[in-house]
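The next block holds one structure in the form of structure tokens; read it before the comments.
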Ligand SMILES: [Fe+2]
């Protein structure tokens, strides 16, 4: 009897180990995660299938390494596109559990990928961090500056990243530039333990050569059954956080304005409402034109429905304003300061693109500056001690010296751990705004 039991165990052990055979890595790259539906329960995994066939994503809440058979869930690609010299596959995962770590591998006819992981958004109000920025270029020295910002993402471990338009140097029709951007994103923003961060893509003017490109590159959502209408919104945390993605590269009025008003109305009771779009109403550099029509289509809606923070890009610099109320009669460039009910406007690009001079401040500008940067937000729900608030920091990722060489501010920055993504890492360079210091809090309670 004992002998039979022993033989049985040996056979079982052999078969179990055989199931775990680790194949050679699959021939895929440019993996990106995208939020384009319900971030608490769904995510899109996209990649470029170089060779090999029949890829499947195996995933679950338990880390099984590369032992693909041990994952409880699997999903074949839900969308495939051959475009821009890439064989793009998307796996849209749904039915996920909120506020969970999910581990996954991609297996195809040639092998099994490394094990990656991501986190779903919470369905209750809990603290989280996110990164907001935009504008990269495909050539040096801006290319290297963008890589510094990418590396900083991995160090800060945000829940997600909003990329506010202008991904490449041209008009988004150069396949080599997309390959470069997607490879950099995959290689540089992921952590050493394989965590990938979902991107929330925004249309910029450098995507003008193909207005629906963000749908084919990122599976981005669009409206009115037209892939050129890349605008959409995302919510999570119950009624805690709502993010609206607008499109400043098509008509900001008409259908888009109507959609915006309906979306704001539907989500007006959310604790925090943010909007992101590429072009600012009033750039903080003289080299960029004012966008008056856009202001008239959106600014009054923002105020009427209590939009808290607006993120823009395009100018290649940094700005942050006081909370603002639109007033096209009495305001300076259409705005007056309203610390209680106003919208705070933050931006304006320079993830990697060469920065412009900050020479167009307004009476309602809190601070502007010229360097490569993104905004790092720490978002907190209400507690017994504190009201709900958002701490906004401007992270300087590189500057240029007089010879136009990049001086990166990333290599000496310590890596945050999963245990505490709210710590300020050693060595990080923050843009200090006197008398407020490194943090601008919304609501604007730290005013003096
Ligand atoms: Fe732009």
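Residue numbers (the working numbering): 3 to 450. For each residue, glycine too, the CB sits at the ideal point set by N, CA and C. Being a predicted model, the structure only gives us computed values, none of them experimental.
| Asked | Found |
| --- | --- |
| In three-state terms, what does DSSP make of residue 220? | helix |
| From the DSSP output, in three-state form, read off residue 31 for me. | strand |
| Below 8 Å on the Cβ atoms is my guess for residue 57 versus residue 51; work out the distance and round it to an integer in Å. | 6 Å |
| Using the Cβ count rule (16 or more neighbours within 10 Å means buried), how would you classify residue 334? | exposed |
| Considering Cα atoms alone, identify which of 179, 120, 32 and 115 is closest to residue 63. | 120 |
| Can you find the residues in the same chain that come closer than 6 Å, C-beta to C-beta, to residue 31, ignoring five residues on each side of it along the sequence? | 50 |
| Closer than 8 Å is the cut-off here; do at least three beta carbon pairs connect the stretch 241-261 with the stretch 207-219? | yes |
| Just how far apart, CA to CA, sit residue 310 and residue 236? | 15 Å |
| Could you say which of 290, 396, 387 and 199 lies nearest to residue 348 if we only look at CA atoms? | 396 |
| Spell out a yes or no on whether the stretch 168-179 and the stretch 381-393 are touching, meaning 3 or more CB-CB pairs, one atom from each, closer than 8 Å. | no |
| From 318, 306 and 322, pick the residue whose C-alpha is nearest to that of residue 312; which is it? | 322 |
| Of all the options 149, 130, 219 and 446, which has the alpha carbon lying nearest to the alpha carbon of residue 82? | 219 |
| Using only the alpha-carbon positions, how far apart do residue 126 and residue 377 sit? | 24 Å |
| Secondary structure at residue 385, three-state DSSP: helix, strand or coil? | coil |
| Run the proximity test for residue 281: is its beta-carbon closer than 8 Å to any non-hydrogen atom belonging to ligand 1? | yes |
| Might you give, ordered along the chain, the residues of its own chain that have their beta carbon closer than 7 Å to the beta carbon of residue 179, omitting 5 neighbours on each side? | 140, 170, 171 and 172 |
| Rounded to the nearest angstrom, what separates residue 404 and residue 129 at their Cα positions? | 41 Å |
| Would residue 369 pass as an interface residue toward chain B - the criterion being a Cβ-Cβ separation below 9 Å? | This model lacks chain B altogether, as it is built from one protein chain only. |
| Determine, using beta-carbon pairs with one atom in the stretch 352-365 and one in the stretch 295-306, whether at least three such pairs fall under 8 Å. | no |
| Under the criterion of a Cβ to heavy atom distance below 8 Å, does residue 249 qualify as lining ligand 1? | no |
| Is the stretch 137-154 touching the stretch 224-231 in the sense that three or more CB pairs, one from each, lie closer than 8 Å? | no |
| Does DSSP classify residue 232 as helix, strand or coil? | coil |
| What does DSSP give as the partner residues of residue 1 in its beta bridges? | Coverage of the chain is limited to positions 3 through 450, which leaves residue 1 absent and any answer about it impossible. |
| Take the Cβ of residue 442 as the centre, count every other Cβ of all protein chains shown within 10 Å, and call the residue buried at 16 or more, exposed below. | buried |
| Starting from residue 452, follow the alpha helix (DSSP H) in both directions and report where the run begins and ends. | Since the first and last residues shown for the chain are 3 and 450, residue 452 lies out of range. |
| Can you pull the DSSP bridge partners for residue 375? | 398 |
| Given a cut-off of 9 Å on the beta-carbon distance, is the pair residue 308 and residue 275 in contact? | yes |
| Taking DSSP's pairing of strands, which residues face residue 334 in a bridge? | 337 |
| So residue 342 and residue 326 are in contact, right, with Cβ under 8 Å, and what is the actual spacing, rounded? | Going by Cβ atoms, the distance from residue 342 to residue 326 rounds to 12 Å, so no, they are not a contact pair. |
| Alpha carbon to alpha carbon, how far is residue 419 from residue 131? | 13 Å |
| Taking C-alpha atoms, which residue in 157, 296 and 166 lies nearest to residue 422? | 157 |
| Taking 8 Å as the cut-off, does the CB of residue 208 come closer than this to any heavy atom belonging to ligand 1? | yes |
| Using 8 Å as the cut-off, classify the Cβ of residue 240 as near or not near the heavy atoms of ligand 1, replying yes or no. | no |
| For residue 20, which three-state DSSP category applies? | Residue placement at residue 20 cannot be trusted, given a pLDDT of 47 that sits under 50; the coordinates are not used to answer. |
| CA-CA distance, residue 434 and residue 440? | 4 Å |
| Distance check for residue 332 and residue 417, CA to CA, integer angstroms please. | 47 Å |
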